[in-house]
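Chemist: Sequential numbering of the sequence shown, starting at 22, is according to our numbering.
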Amino acid sequence: MKKLIRYTMLLTLSLSMAGCKKYLDEKSDQKLVVPGTLADFQSILDNYSKNVFSDPGEGEVSSTDYYLTDANYNALSLDSYRREYTWQKDYLFETGSNSWYYGYTSIYSANSVLDNMGKVERNSVNQTDWDNIKGQALYLRGKNFLNMAYLWTLAYDPSTASQDMGLPLRLNTDFNQTSVRSSVQQTYDQIISDLKSSVHLLPIVSLQVVRPSRPAAYALLARTYLSMRQYQEAGLYADSCLQLFNTLIDYNTLTASATYPLKQFNAETIIFSVIGTPSPINPSRAKIDPDLYNLYTTNDLRKIVFFKNNNNGSYAFKGNYTGTLAPFGGISTNEVYLIRAEASARQGKTTDAMNDLNTLLVNRWKAGTFVPLTASSASNALSLILLERRKELLLRGLRWMDLKRLNKDGANITLTRTVNGQVYTLPPNDLRYALPIPEDVIALSGITQNLR
């Protein structure tokens, strides 16, 4: 199913982008491919299967916005999925074809461009393309490091980040370089460095929405700083993004009864990518948590835009910004409004926070029914914003990091699941919030496994 989804979306994407450059010819040994022109570099970055359709989904599998029936759980094809779903300490990934592999494959693509940019002289004729391509590669590397940090490192904590284990920071294509884990601080420093370096190299409007733009880089910096709980910086970068790209969709204009009401490349999409749908979160199996579903009121259009009634007392999610059952892994303006709103609330700017929240919500309510929300304090505003963040950003690859950062702030969220009569729990700040590195990677590289 996962391969079929990727193939179908890749075909759709390819057909929709007339004039897109062809990929480099596939070689039997990718190490032998030595790109040497700007067209080569762009072709590497435009490899959609590696760089667009491979965002990790394990954080969503491990989160509790959905549940599986015992029958669906027992029918999962891989034991690793069952272990992810119940927060086991090890063997959560299949050998070889897993999110660690996909992440570093994409990082290698970025590094192969960055390592070879010097082969093409930057001049007055090519400087716009040259800068754009370098910016895309830096963004791609930073994005993948961030996605992987969300899964395989503990939440950023300034008091321990220099000691907590981070990612191996592969910054070139040298296969002989020994893999060594950095610290969490070094990991986030590298992410921020890559993204900041990309900002002014990228165009304000990209030629294709799968390619990074300046608003996308600002937005990803905002997401990064939010996960670090550095709210002033998160707010500043969210604002920089929204100064350039702030479109919101009025959900009254959607056909809520459609199989997928929100279309691919819709008006809110800043940059498009896709989470490779793991079986547990496929909507044919995943049922939305009823407590979450009941948070949506009658006039909230998300209740019918986001959810399909399974006619058995359960609901499936259909609100992906991919126009398919595959979860959206990119960035859209609704997320950025919520980042700026949260950052404002945490800095005591109650009016600004509520203005952003209401700007979003008026586009989500049935026309003529929305009454702007009010907050008596910044703390009250923050509670409202965090509630709407959970309701707005389902299955985006964000909930796992939100749980990690919010528990660091004292939210004290304990996850609980009951499977085949057995209760499983994940307490706040548990070491299992840093998923185990795939065992085959540990065996091959000798890097240190996450503590359990």
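By construction, the Cβ of each residue, glycine as well, lies at the ideal position given by its N, Cα and C atoms. In this text, all values refer to a predicted model and were calculated from it rather than measured experimentally.
I need the boundaries of the beta strand (DSSP E) containing A437, first residue and last residue.
Modeler: Along the sequence shown, one-based indexing puts residue 437 at 416. One point to set straight first is that residue 437 is Thr, not Ala, in the sequence displayed. Its beta strand (DSSP E) spans residues 436-440.
Chemist: How big is the Cα-Cα spacing for R426 and A464?
Modeler: Position 405 of the sequence shown, counted from the start, is the residue given in the question as residue 426. Position 443 of the sequence shown, counted from the start, is the residue given in the question as residue 464. Their Cα atoms are separated by approximately 30 Å.
Chemist: Kindly indicate which three-state DSSP category D86 falls into: helix, strand or coil?
Modeler: Here residue 86 corresponds to residue number 65 of the sequence shown, with the count starting at 1. DSSP, read as helix, strand or coil, puts D86 in coil.
Chemist: In chain order, which continuous runs of the alpha helix (DSSP H) of length 4 or greater are located wholly inside the stretch 284-317?
Modeler: 311-314
Chemist: Does DSSP classify N379 as helix, strand or coil?
Modeler: Reading the sequence shown from its first residue, position 358 is the one you call residue 379. Shown here, N379 sits in a helix according to DSSP, grouped into three states.
Chemist: Y129: buried (16+ other C-beta within 10 angstroms of its C-beta) or exposed?
Modeler: Locating residue 129 in the sequence shown gives position 108, counting from the first residue. Buried, by the Cβ-count rule.
Chemist: Just the C-alpha distance for F196 and S101, rounded to the nearest angstrom, thanks.
Modeler: By one-based count along the sequence shown, residue 196 stands at place 175. By one-based count along the sequence shown, residue 101 stands at place 80. Answer to the nearest angstrom: the Cα atoms are 29 Å apart.
Chemist: Kindly indicate which three-state DSSP category L190 falls into: helix, strand or coil?
Modeler: Translated into positions along the sequence shown, residue 190 becomes position 169. DSSP places L190 in coil when its eight states are reduced to three.
Chemist: Look at the alpha carbon of E289 and the alpha carbon of G467, and state the distance between them as a whole number of angstroms.
Modeler: Along the sequence shown, one-based indexing puts residue 289 at 268. Along the sequence shown, one-based indexing puts residue 467 at 446. Cα to Cα, E289 sits roughly 43 Å from G467.
Chemist: Taking only runs of the beta strand (DSSP E) that begin and end inside the stretch 52-125, which ones reach a length of at least 3 residues, in chain order?
Modeler: none
Chemist: What does the Cβ neighbour count give for Y112, buried or exposed, with the cut at 16 atoms within 10 Å?
Modeler: Stepping through the sequence shown from its first residue, residue 112 is reached at position 91. By the 10 Å Cβ count, Y112 comes out exposed.
Chemist: Tell me Y336's beta-bridge partners as DSSP assigns them.
Modeler: Your numbering for residue 336 matches position 315 in the sequence shown. DSSP lists N330 as partners of Y336.
Chemist: Taking only three categories from DSSP, how would you classify Y246?
Modeler: Within the sequence shown, residue 246 is the residue found at index 225, counting from 1. Here Y246 sits in helix by DSSP.
Chemist: Since G431 and I296 are thought to touch, with beta carbons under 8 Å apart, how far apart are those beta carbons, to the nearest angstrom?
Modeler: Taking the first residue of the sequence shown as position 1, residue 431 is located at position 410. Taking the first residue of the sequence shown as position 1, residue 296 is located at position 275. So it is not a contact: roughly 29 Å between Cβ atoms.
Chemist: Please state if the CB of A455 and the CB of I360 are separated by a distance shorter than 9 Å.
Modeler: Along the sequence shown, read from residue 1 onward, the residue named residue 360 stands at position 339. Along the sequence shown, read from residue 1 onward, the residue named residue 455 stands at position 434. Contact: no.
Chemist: Determine, using beta carbons only, whether W421 and E81 come nearer to each other than 9 Å.
Modeler: Working through the sequence shown from its first residue, we reach residue 421 at position 400. Working through the sequence shown from its first residue, we reach residue 81 at position 60. Contact flag set, yes.
Chemist: Hey, how far is the Cα of E460 from the Cα of F114?
Modeler: By one-based count along the sequence shown, residue 460 stands at place 439. By one-based count along the sequence shown, residue 114 stands at place 93. Distance between the alpha carbons of E460 and F114 is about 8 Å.
Chemist: Would you decide whether A182 is buried or exposed? Buried here means 16 or more other CB atoms lie within 10 Å of its CB.
Modeler: For this step, residue 182 is matched to residue 161 along the sequence shown. That one is buried.
Chemist: Round the Cβ separation of I225 and S234 to the nearest angstrom and send it over; I've been treating them as touching at under 8 Å.
Modeler: Translated into the one-based positions of the sequence shown, residue 225 becomes position 204. Translated into the one-based positions of the sequence shown, residue 234 becomes position 213. Between I225 and S234, the beta carbon gap of about 6 Å places them in contact (Cβ cut-off 8 Å).
Chemist: Please name the residue, chosen from S84, L192, L424, Y358, that lies closest to T107 on a Cα-to-Cα basis.
Modeler: As a position in the sequence shown, residue 107 is number 86, starting the count at 1. Out of S84, L192, L424, Y358, S84 has the C-alpha closest to the C-alpha of T107.
Chemist: Determine the DSSP secondary structure at R8, reduced to helix, strand or coil.
Modeler: Residue coverage of the chain in this structure runs from 22 to 473, which leaves residue 8 outside it and unanswerable.
Chemist: Per DSSP, F349 is paired with what?
Modeler: For this step, residue 349 is matched to residue 328 along the sequence shown. According to DSSP, F349 bridges with V295.
Chemist: Less than 9 Å between the C-beta atoms of A238 and G156, yes or no?
Modeler: Against the sequence shown, residue 238 aligns to sequence position 217. Against the sequence shown, residue 156 aligns to sequence position 135. Yes, they are a contact pair.
Chemist: In whole angstroms, what is the alpha-carbon distance linking G369 and L216?
Modeler: If you number the sequence shown from 1, residue 369 lands on position 348. If you number the sequence shown from 1, residue 216 lands on position 195. Going from the Cα of G369 to the Cα of L216 covers about 28 Å.
Chemist: Would you kindly work out how many angstroms separate the C-alpha atoms of T435 and N331, rounded to a whole number?
Modeler: Within the sequence shown, numbered from 1, the residue matching residue 435 stands at position 414. Within the sequence shown, numbered from 1, the residue matching residue 331 stands at position 310. If you take the alpha carbons of T435 and N331, they lie about 28 Å apart.
Chemist: Alpha carbon to alpha carbon, how far is V205 from P189?
Modeler: Taking the sequence shown and counting its residues from 1, one reaches residue 205 at position 184. Taking the sequence shown and counting its residues from 1, one reaches residue 189 at position 168. Distance between the alpha carbons of V205 and P189: 10 Å.
Chemist: Verify whether the separation of the beta carbon atoms of F293 and Y258 is less than 9 Å.
Modeler: As a position in the sequence shown, residue 293 is number 272, starting the count at 1. As a position in the sequence shown, residue 258 is number 237, starting the count at 1. No, they are not a contact pair.
Chemist: So is L175 buried or exposed if we call it buried at 16+ other beta carbons inside 10 Å?
Modeler: Numbered from 1 along the sequence shown, position 154 holds the residue referred to as residue 175. Burial call: buried.
Chemist: Quick check on DSSP: helix, strand or coil for T354?
Modeler: Walking along the sequence shown from the start, residue 354 turns up at place 333. Correct three-state label for T354: helix.
Chemist: Does DSSP classify T446 as helix, strand or coil?
Modeler: Here residue 446 corresponds to residue number 425 of the sequence shown, with the count starting at 1. Note: T446 maps to strand in three-state DSSP.
Chemist: Measuring only the C-alpha atoms, how far is T372 from A362?
Modeler: On the sequence shown, position 351 is the one that residue 372 refers to. On the sequence shown, position 341 is the one that residue 362 refers to. Rounded to whole angstroms, the separation of the alpha carbons of A362 and T372 is 10 Å.
Chemist: Would you call the CB atoms of K429 and D185 closer than 9 Å?
Modeler: By 1-based counting over the sequence shown, the position of residue 429 is 408. By 1-based counting over the sequence shown, the position of residue 185 is 164. No, these two residues do not count as a Cβ contact at 9 Å.
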